[in-house]
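Q: Numbering (the numbering used here), first residue to last: 1242 to 1647. Quick reminder that beta carbons are idealized off the backbone N, C-alpha and C, glycines included. Every value quoted in this text rests on a predicted model; they were computed, and no experiment measured them.
#1: Might you give, ordered along the chain, the residues of its own chain that have their beta carbon closer than 7 Å to the beta carbon of residue 1452, omitting 5 neighbours on each side?
#2: List in chain order: all unbroken alpha helix (DSSP H) runs of 4+ residues lying wholly within the stretch 1430-1495.
#3: Tell me whether the beta-carbon of residue 1618 lies closer than 8 Å to the beta-carbon of residue 1536.
#4: Near residue 1506, which residues of its chain fall below 6 Å by C-beta distance, leaving aside the five closest residues on each side in sequence?
#5: Taking residue 1604 as part of the beta strand (DSSP E), name the residues at either end of that continuous run.
#6: Residue 1246 by DSSP, collapsed to three states: which one?
#7: Per DSSP, residue 1288 forms a beta bridge with which residues?
#8: In terms of residue numbering, what span does the alpha helix (DSSP H) encompassing residue 1514 cover?
#9: Can you tell me whether residue 1266 is buried or exposed, with buried defined as 16 or more other CB within 10 angstroms of its CB?
#10: Taking the continuous alpha helix (DSSP H) assigned at residue 1359, which residues delimit it?
#11: Looking at the structure shown, is residue 1197 part of a helix, part of a strand, or coil, going by DSSP?
#12: Thinking C-alpha only, which one of 1477, 1467, 1524 is nearest residue 1583?
#13: Please report how far the alpha carbon of residue 1390 lies from the alpha carbon of residue 1471, in whole angstroms.
#14: Could you check the C-alpha separation between residue 1354 and residue 1607 for me, to the nearest Å?
#15: Nearest to residue 1287 by alpha carbon, out of 1314, 1567, 1575, 1275?
#16: For residue 1297, which option in 1334, 1310, 1264, 1500 has the closest C-alpha, if you only look at C-alpha atoms?
#17: Using 10 angstroms around the beta-carbon of residue 1335, count the other beta-carbons present and answer buried if the total reaches 16, otherwise exposed.
#18: Just curious, the alpha helix (DSSP H) that residue 1375 is in, first and last residue?
#19: With burial defined as no fewer than 16 other Cβ atoms inside 10 Å of the residue's Cβ, what is the status of residue 1544: buried or exposed?
#20: Does the Cβ of residue 1521 have 16 or more other Cβ atoms within 10 Å, making it buried, or fewer, making it exposed?
#21: Are the Cβ atoms of residue 1646 and residue 1491 separated by less than 8 Å?
#22: Out of 1556, 1356, 1483, 1251, which one is the CA nearest neighbour of residue 1667?
#23: So, is residue 1559 buried or exposed, given that buried needs 16 or more other C-beta atoms within 10 angstroms?
#24: Let me make sure I understand the geometry here. Which of 1258, 1551, 1318, 1481 has the alpha-carbon closest to that of residue 1592?
#25: Let me check understanding here. Comparing Cα to Cα, which of 1457, 1469, 1483 lies closest to residue 1496?
#26: Sort 1552, 1324, 1394, 1421 by Cα distance to residue 1361 and report the nearest one.
#27: Going by alpha carbons, who is nearest to residue 1308 out of 1512, 1456, 1400?
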C-alpha cells in the first residue's frame, strides 16, 4: 500500500464532502504514546478511531473504518422480501447463523429456527466465494445499524467481517481474517481453554519494556484453533486502578510477528477509549452481566482490578512458546477460501461499497463464514453454541463470565 497515494484518495473524498471530519485524538500523558485519530460525521452518527506508531497509517485506519461504518448503515441495493421457505434454493439458510441453545433463552431453538425460516425477511444479493455463484443473504446479517422492523433476530448484529481496502479481494481477505480472529478468541474463552503464552523476548522486548514504563503488563497468548491460521490475544493488564484493569486486542495473521504487534496496538486503542469514557462519565460501576447494556459497559465491567482474578488461569501459565515456532497452514492469501472449504468452512461476501467511495478507489466488503463462532456483545442474547465450540467443550460447561473484548 502506498500510504501517500491512499491518503490523496481520502483527501478527494473530503473535498467533495463525502467524508467525516478527521481529528487527532486525545492521548493521556501517562499512557504509551501513539498516533491516534478519530473520524466522525458532522452530526456524529458515524464514528471511527485508530492508533498506530505510523502517523499516515493511523489516519488511513480511521478513515477506512469510517467508510465501513457508513456502508454498514446505508444499503446500496434494494432488499428482496421472502421467507426462506420460498427461496431456499437461491439463498443461504439463516439457521446457520443461530447460535444459542435451548437453555440460553426463554424459547426453544427448534421452534425459533422454524419461525425464522417461515418469516418474511429482507434479503440482499451476495456471492458464494467457493464457486463465484450468486446467493441471497439475510440483510440483517449484513447491515449493523439499519432497522429491520418486524423481523425475528437471527443473531445479535456486530461489524465483524466488514473491511475497507483498495480492492475487493483485499477487503474480503481482511474481513475473513477478522472472522477467523474472533472465532479463535471466542472458542478458547467460552471453553476456558488453557492457552500457550508467547515468550516476549528478543524483538518483542522493546515494546514490552515500553509498556512497563507505564505500569502496563502485556501478556500474549496464541489462540490458533484447528484451522491452523496464527491467531493471537493480547491482555493489557493494569493493576494500578488508574485505567481499565483488562484491555484486549486480537489479531489473526499469516505473519505471526505482525499478528502479535497488531494485537498489542489494538489492546491499547481499546484501553484509551474506555479510560476516556470512564472518566467522562464519572467512573461508572458495572458489577454483573445483567448491567452490560452497551458496548462500553463491557469495558467498565473489566475496569475493576478485582476482575483480573477471573483470568488468572491464563496469566499464571508460563511463557512456553516462541513465535518462531508458529507456522501458518496457509502461506498465500489467495488460497484462503479453498483452504477454509477443506476445513468445512464456507465463505460468502456482500459488496457494501457506496458509489462515491467506489469512484474514489475504495471497496467495503462484508465477509461471512457461517460455521465460524461469532463474537457477541449482547449478554441478553448470548452466542453459546456452534459445532466448533461444542467440539472444544467436549461436555464441559460454558464459561459465562462476560468476555473482555469489545
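A: Reading from the atomic positions:
#1: The answer, listed in chain order, is 1273, 1459.
#2: Listed in chain order, they are 1446-1453.
#3: With contacts defined by Cβ atoms closer than 8 Å, residue 1618 and residue 1536 form a contacting pair.
#4: Sequence-distant partners of residue 1506 (beyond 5 residues in either direction) whose C-beta falls short of 6 Å from its own C-beta, in its chain, are 1292.
#5: Note, residue 1604: beta strand (DSSP E), 1604-1609.
#6: Collapsing the DSSP output to three states places residue 1246 in a helix.
#7: Residue 1288 is bridged to 1281.
#8: That run of the alpha helix (DSSP H) goes 1497-1521.
#9: Its Cβ being crowded by 16 or more others within 10 Å, residue 1266 is buried.
#10: DSSP places residue 1359 in the uninterrupted alpha helix (DSSP H) bounded by 1350-1359.
#11: A query on residue 1197 cannot be resolved here, the shown segment of the chain reaching from 1242 to 1647 and no further.
#12: The residue with the shortest Cα to Cα distance from residue 1583 is 1467.
#13: C-alpha separation (whole angstroms): 40 Å.
#14: Using only the alpha carbons, I get a separation of about 24 Å.
#15: Checking every option, the nearest Cα to that of residue 1287 belongs to 1314.
#16: Of the candidates 1334, 1310, 1264, 1500, the one whose C-alpha sits nearest the C-alpha of residue 1297 is 1264.
#17: Result: buried.
#18: DSSP places residue 1375 in no alpha helix (DSSP H) but in the uninterrupted beta strand (DSSP E) bounded by 1374-1379.
#19: With 16 or more other Cβ atoms from the protein chains shown falling within 10 Å of its own Cβ, residue 1544 counts as buried.
#20: Counting Cβ neighbours within 10 Å, residue 1521 comes out exposed, since fewer than 16 surround it.
#21: The Cβ atoms of residue 1646 and residue 1491 sit closer than 8 Å to each other.
#22: Since the first residue of the chain shown is 1242 and the last is 1647, residue 1667 is not available in this structure.
#23: It counts as exposed.
#24: Restricting attention to 1258, 1551, 1318, 1481, the CA atom closest to the CA of residue 1592 is found in 1318.
#25: Nearest of 1457, 1469, 1483 to residue 1496, Cα basis: 1469.
#26: Looking at 1552, 1324, 1394, 1421, the one whose alpha-carbon comes closest to that of residue 1361 is 1324.
#27: Looking at the Cα atoms, 1400 is the closest of the given residues.
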